[in-house]
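There are 2 protein chains.
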Amino acid sequence: MKTTFAPGPSQLYFTVKDHLKTAFYEGIPSLSHRSKEFEKIFASCTNGLRELLSIPEGFHIFFTGSATEIWERSIQNLVENYSYHFVNGAFSKRYFEIAQQLGKTPTITESPAGQAFNEYQIPDETELIALTHNETSTGVSLPMSFIHSFREKFPKALIIVDAVSSLPYPAFDFTKIDSLFFSVQKGFGLPAGLGVWIVNDKCLAKADLLLAKGQSIGTYHNLPTLYTNAKKNQTPETPNVLSIFLLAKVVEDLLVRGIHTIRKETEYKAAVLYNTLAHTGYAKPFVSDRAIQSQSVIVTDCKQHVEAITKALDKNGLVPGDGYGEFKKTHLRFANFPTHSKEHFELLADTLMGLKI
Amino acid sequence: MKTTFAPGPSQLYFTVKDHLKTAFYEGIPSLSHRSKEFEKIFASCTNGLRELLSIPEGFHIFFTGSATEIWERSIQNLVENYSYHFVNGAFSKRYFEIAQQLGKTPTITESPAGQAFNEYQIPDETELIALTHNETSTGVSLPMSFIHSFREKFPKALIIVDAVSSLPYPAFDFTKIDSLFFSVQKGFGLPAGLGVWIVNDKCLAKADLLLAKGQSIGTYHNLPTLYTNAKKNQTPETPNVLSIFLLAKVVEDLLVRGIHTIRKETEYKAAVLYNTLAHTGYAKPFVSDRAIQSQSVIVTDCKQHVEAITKALDKNGLVPGDGYGEFKKTHLRFANFPTHSKEHFELLADTLMGLKI
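In order, the protein sequences belong to chains V and A.
First residue of the first sequence? That's 1 in the numbering used here, and the numbers climb one at a time after it.
First residue of the second sequence? That's 1001 in the numbering used here, and the numbers climb one at a time after it.
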């Protein structure tokens, strides 16, 4: 069995197969989403996430079909006119474009691929500041101090963080952000088909305000409807019940390991790979500024050696992720998620070190 | 192992468990949705559906998170102002309400629960006529002749059919409709989390027209974006890959059985149950007009006997679906999907006939 390091859909979390057996044994796929049994699964999933990520009171957890959907829903529900987007790659850019498509007037500050944001001017009227914690396409992570710096400077704006390819690793300070989201096929190691959207009461109030003003905020997945249902541990539509069940189970497993352990292990594994890249001549981190090097998606610039490296890794059962977009032929990406073990990373490092190119 | 007759999420199609094993063995859950392997699965699924349902050229097949999502997307993409809704229960009503929520001016014609539509007046300016083939809450099916009668009378309007709880049973004439949709957790017997939306070129043209007029038609799941991706056998976002794979496999299985066989078997099973209900004193079909009795969701009015009947069925491993909404305590619903065998229905009939109440 090979181990894939693609940053998503990711290698499954190693317990998923067993949980799926349990799900079938317990008849989860045929469960009504209006049943008490489903409500228990919903509660177990959201309570587990709350504990794992230290999500405080006043924040609510909703399910969507994907994180892409949350891009759209968040603009619809949290923005009348002005959103502000930090863009440093394909995914943060797509979020900006969705705001444009929805007829808003988004402002963008762009930094070159792989580099930090140095200067920005956020207009006073900004309603939503959109930050992509981990730009999956290039391997840049925004420093937590950067993310947490906006609340004080822009107290009127809502702050939303796309943490699609970094959670559960980062420890956000929920007093400094208003919304956070991810999808399950990355760090949580589940099959794709579920987005998780965390919002606070200020977000709910903003959606209510926009609705009162006559703005269309969508229907079954607008914030008021998601909230009304979530209070009953339900969803507006028939959701991906199986995925919510699997997420609840994987979160339980992660809680047993302990989030602090998972975070430290993530940092250790990233260190092993970054250290290796510092010693090989033929591959280096695409992101050279250590302050913004991602811990969860490590992007390597391999230039003309992509094929040779891929072959060598494959011999040891390791499958790197392709580069993204314009970097498809020169980069390799290595996801560092909870399902990837220390041993996987050590083998990865050994293989890279032993390579004669 | 019990057999559930809940109309959805339904009893799984009996081959799903094996296909899931194959999926894990083949690494489907970790497959990139931009890979050739995914494109093959997408093509196999849509080509299979095309064959099974005789979907002609000029129609396109897209995937969403749910049929609820298609209610919203279809109004966004196919209606500038005026939709017309035939409402005879909770689900057809929700579709109407979504049009209201999206700021349109929908017109409604309502018939009492369990009864046919006798009179209606569709205004000339109607852009979309929305028909719910099978109202899951009450067990009314619109006759095919009724559904197919609108094209000629209203050649300017688009005609969309919600066939969530009836497909793959009904044989639609695609020259008489423009769009059709369903979700996989009913007749196809899959875990919930995927909607399937079939539209023709006229629908695509309408969405383009609305977009050109400056109307918001949504973003990643608007029709032009879904179409651009589907042409490449792709989806705009990371979809529920596993569900698309399972649907492809179940459709293959249904093709082996043959759609004509499945349809005739469905009618036989429905006849067995309706015939039984004609002979029992304590339970009768909620829908008395045979012309509109659903073949796929048979709703029985059991009055005060719901508990006694449920208990008797349970002893034989048969689990009926609850009544819907106001009928929760007096109705039982029996899904008649391809996963339910003749033997299931014969046992159901025998148990009901043998009941002493």
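Even for Gly, the Cβ is constructed at its ideal location relative to N, Cα and C.
Across the structure, A:I1098 and V:H221 are spaced so that their CA atoms are roughly 11 angstroms apart. Pairing V:A113 with A:F1042, the inter-Cα distance amounts to about 32 angstroms. Using a Cβ distance threshold of 8 angstroms, A:G1218 and V:G65 do not count as a contacting pair. Per the Cβ contact rule, the region 1083-1103 of chain A is not in contact with the region 1046-1055 of chain A (fewer than 3 Cβ pairs under 8 angstroms). Here the alpha carbons of A:A1067 and A:I1108 stand approximately 20 angstroms from one another. Look at A:S1054: its C-beta is not under 8 angstroms from any C-beta on chain V. In this structure the region 1085-1092 of chain A does not lie against the region 201-214 of chain V, because fewer than three pairs of beta carbons, one per stretch, are closer than 8 angstroms.
As computed with DSSP, A:E1135 is found in a beta bridge with A:V1140. Residue pairing by DSSP places A:Y1169 opposite no residue, since no beta bridge is assigned to it. Secondary structure note for V:L180: its beta strand (DSSP E) is the uninterrupted segment S179 to S183. Secondary structure note for A:N1200: it is in no alpha helix (DSSP H), and the uninterrupted beta strand (DSSP E) holding it is G1195 to N1200.
CA-CA distance, A:N1077 to A:L1223, rounds to 7 angstroms. DSSP places A:L1247 within a helical segment (H, G or I) once states are collapsed to three. Taking A:K1329 as the centre and dropping the five residues before and after it, the same chain places the C-beta of V1306 and G1323 closer than 8 angstroms to its C-beta, in chain order. Listed along chain V is no residue with a C-beta nearer than 7 angstroms to that of A:G1187; the closest approach is about 14 angstroms.
Within the same chain, P1320, G1321, F1334 and A1335 come within 6 angstroms of A:F1005 by CB-CB distance, once the 5 residues on both sides are set aside. Within chain A, no C-beta atom comes nearer than 9 angstroms to that of V:S296; the closest sits roughly 16 angstroms away. Secondary structure at A:R1333: strand, using DSSP grouped into helix, strand and coil. Cβ contact annotation for V:A291 (same chain, cutoff 8 angstroms, sequence separation greater than five): A116 and P143, in chain order.
At a C-beta separation below 7 angstroms, V:L180 has no neighbours in chain A, since its nearest C-beta there lies roughly 19 angstroms away. With respect to the C-alpha of A:T1300, the residue from A:T1126, A:N1229 and A:A1270 having the closest C-alpha is A:A1270. With contacts defined as CB atoms closer than 8 angstroms, A:T1126 and A:F1154 qualify as a contacting pair. A direct Cα-Cα distance of roughly 11 angstroms separates A:A1023 from A:I1244. Three or more beta-carbon pairs separated by less than 8 angstroms link the region 1009-1020 of chain A to the region 1336-1349 of chain A, which places the two stretches in contact. Using a Cβ distance threshold of 8 angstroms, V:V272 and V:A349 count as a contacting pair.
Within its own chain, the residues whose Cβ lies closer than 6 angstroms to the Cβ of V:K93, once the five positions on either side in sequence are excluded, are V87, listed in chain order.
A6, G8, P9, S10, Q11, L12, V16 and K17: these are the residues of the region 5-17 of chain V whose beta carbon lies less than 9 angstroms from some beta carbon of chain A, given in chain order.
As a beta-bridge residue in DSSP terms, V:P285 pairs with V:T300.
As DSSP reads the structure, V:G48 sits in no beta bridge. The contact set of A:N1240 on chain V, defined by CB atoms closer than 9 angstroms, consists of G65, S66, P191, A192, G193, L194, N240 and S243 in chain order. Separation of the CB atoms of V:A283 and V:L347 is rounded to 16 angstroms, and the pair is thereby denied contact status at 8 angstroms. If only complete runs of 3 or more residues are kept, the region 6-87 of chain V shows the beta strand (DSSP E) at 59-64 and 83-87, in order along the chain. Legend: CB atoms of the region 1097-1108 of chain A lying less than 7 angstroms from CB atoms of chain V belong to residues I1098, Q1101, L1102 and G1103. Against chain V, the CB of A:F1024 has a partner CB under 8 angstroms away; the residue lies at that interface. For the pair of segments examined, the region 1238-1255 of chain A was found to touch the region 1032-1039 of chain A: the number of CB pairs separated by less than 8 angstroms reaches three. Checking the DSSP bridge columns, you'll see V:D322 partnered with V:L332.
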